[in-house]
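Read in order, the letters of the sequence shown are residues 37 to 117 in the working numbering.
For glycine and all other residues, C-beta sits at the position ideal for the given N, C-alpha and C.
One structure below.
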Amino acid sequence: HSWVQDETCPLHVWHKHLFRKYCTVRMLNSAVVRLLEIRDHKLRLSTAELRERYECLCKELKQHKHQQAAISLHDGSDEAK
37 HSWVQDETCP
47 LHVWHKHLFR
57 KYCTVRMLNS
67 AVVRLLEIRD
77 HKLRLSTAEL
87 RERYECLCKE
97 LKQHKHQQAA
107 ISLHDGSDEA
117 K
């Protein structure tokens with residue numbers, strides 16, 4: 037069995053544990069930004085991608101609200117309000 041959790045990690049933490057003896061945080065930041073430029077990475081979504089993800093989130097939220105309402109009706113609580 038294995039378990040993976042993907043979490044963001046601030047650059048200064050990477051620097052502290054891996055790059056401290058190699059370069060400054062400022063230089064590491066510049067290198068990361070340059071790698072993103074080389075890879076033509078965009079730190080944004082296209083309008084179509086944004087719309088698709090937004091619609092998916094709205095759908096999940098609607099399902100969650102319906103589930104909570106059903107639980108509330110079953111339990112007799114007012115949490116769905």
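Inset, instruction - Look at V61 and H48 and say whether their C-beta atoms are less than 8 Å apart. - result: yes
Inset, instruction - Classify Q104 as helix, strand or coil using the three-state DSSP reduction. - result: helix
Inset, instruction - Tell me, to the nearest whole angstrom, how far the beta carbon of H51 is from that of L64; I am working on the premise that it is less than 8 Å. - result: 5 Å
Legend entry - Coil, strand or helix - W39 by DSSP: Shown here, W39 sits in coil according to DSSP, grouped into three states, outside any helix or strand.
Legend entry - Inter-residue Cα distance where the pair is I107 and L97: Near 15 Å, if we compare the C-alpha coordinates of L97 and I107.
Legend entry - Through-space distance from V69 to R89, alpha-carbon basis: 26 Å
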